[in-house]
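To start, the structure itself, in structure tokens.
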Amino acid sequence: MQLGGWFQQALTGQRQLVFVTGEAGIGKTTLVDAFVERLREQKGAWIGRGQCIEHYGAGEAYMPVLEALGRLCRQPDGQRLIELLDQYAPTWLVQMPTLLSPDKLAALKQKVVGVTPERMLREMAEAVEAFTAEQVLILVLEDLHWSDYATLELLAMLARRREAARLLMIGTYRPVEMLVHEHPLRGVKQELQLHGHCRELALEFLTEQAVQEYLANRWNGKADESASLQDLARFIHNHTDRNPLFMVNMVDYLIRQGVVAETAGSWELRGRLDAAGAGRYASFGLRYAALPLSWSAGRGIRERRTGSGGMCTTE
Ligand SMILES: Nc1ncnc2c1ncn2[C@@H]1O[C@H](COP(=O)(O)OP(=O)(O)OP(=O)(O)O)[C@@H](O)[C@H]1O
Ligand SMILES: [Mg+2]
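Plus 97 on top of the position in the sequence shown (first one is 1) and you've got our numbering.
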């Protein structure tokens, strides 16, 4: 997995910024979740997660970063982070008042009166270098196509600094959404890319082979290479825009319709694969992922192929 290689580089003190990109439902979150889960099992890393939210007008500055830091500080070993923030980035700590006693909060407020936005950025740069001298830090920021501008500035500044930091920043975004809404992320990323300060993992649409692998995996690898498995994979591939979210929903749908039946850890094709029915289902709003998923995101995940187009690396 490419993310694993970049993580190894981050471990040596070469800070990394990776954009995981692709359309809605293509598997960005699933991929990052699977990667982060593996690291969690190994322990020894601070893993912070923040989510950008779609909003109208200017969003709160640094919202996803504050969310990620707040969560990290509330973890069992979070006290150490609070101490480091207090020492290096008081302006940030004061924005997370629930982590502080009333006295501490009042004292910090006094300390940070009149701090400029530039100083705030510098504080975080130094805090990150102090954190990562103690432990590797992974910062996942989801859906940057909705990010506030301050968060982008911070990411860019952290990516550009030359000081050693065991830091891996992963940002996900939908390119189409970014372009349609002329989001400043586009310019920020172009600039970073130009100077080799970021990398991109562009997720590709599913191949028929990947659908087959998913089906085999979903049934504990027991489905064979039979013609019916291939028929089913081809059918799903042809009717789901090659998108994993639609694929998973389509399989659930076919099971509900009794076309595919699960029997003792394996499966059987019981009905006719009906293109008209699939079309009706697809036009039912499948496209926008409004349907509840009965399938948990973690099950049946296979390593994803990624595109080389648009890849930017520092090599
Ligand atoms: N590699 C995979 N194997 C199996 N299922 C997958 C895989 N990737 C994605 N899925 C399925 O597709 C669904 C949507 O994926 P995910 O939420 O990761 O997409 P996304 O790219 O983050 O979309 P968005 O832009 O809307 O956030 C998941 O809930 C999961 O069911
Ligand atoms: Mg997502």
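Even glycine gets a Cβ: it sits at the ideal position worked out from N, Cα and C.
At a Cβ-Cβ threshold of 7 Å, residue 367 and residue 361 do not count as neighbours.
In the structure shown, residue 312 falls within a helical segment according to DSSP collapsed to helix, strand and coil.
In the DSSP assignment, residue 364 falls within the unbroken beta strand (DSSP E) covering 363-366. Taken from the Cβ of residue 140, every heavy atom of ligand 2 lies 6 Å or farther away.
Each residue's CA atom was taken as its position, placing residue 135 and residue 291 some 32 Å apart. Not one heavy atom of ligand 1 lies closer than 6 Å to the C-beta of residue 273. Per DSSP, the beta-bridge partners of residue 145 are 236. Sorted by position in the chain, 125, 126, 239, 240, 269 make up the residues whose C-beta lies under 7 Å from a heavy atom of ligand 2. About 18 Å separates the CB atoms of residue 133 and residue 123; that is not less than 8 Å, and the two are not in contact. Between the segment 308-315 and the segment 261-281, the count of C-beta pairs closer than 8 Å stays below three; the two stretches do not touch.
When beta bridges are read from the DSSP output, residue 307 appears opposite no residue. In the DSSP assignment, residue 279 falls outside any beta strand (DSSP E) and carries neither an H nor an E.
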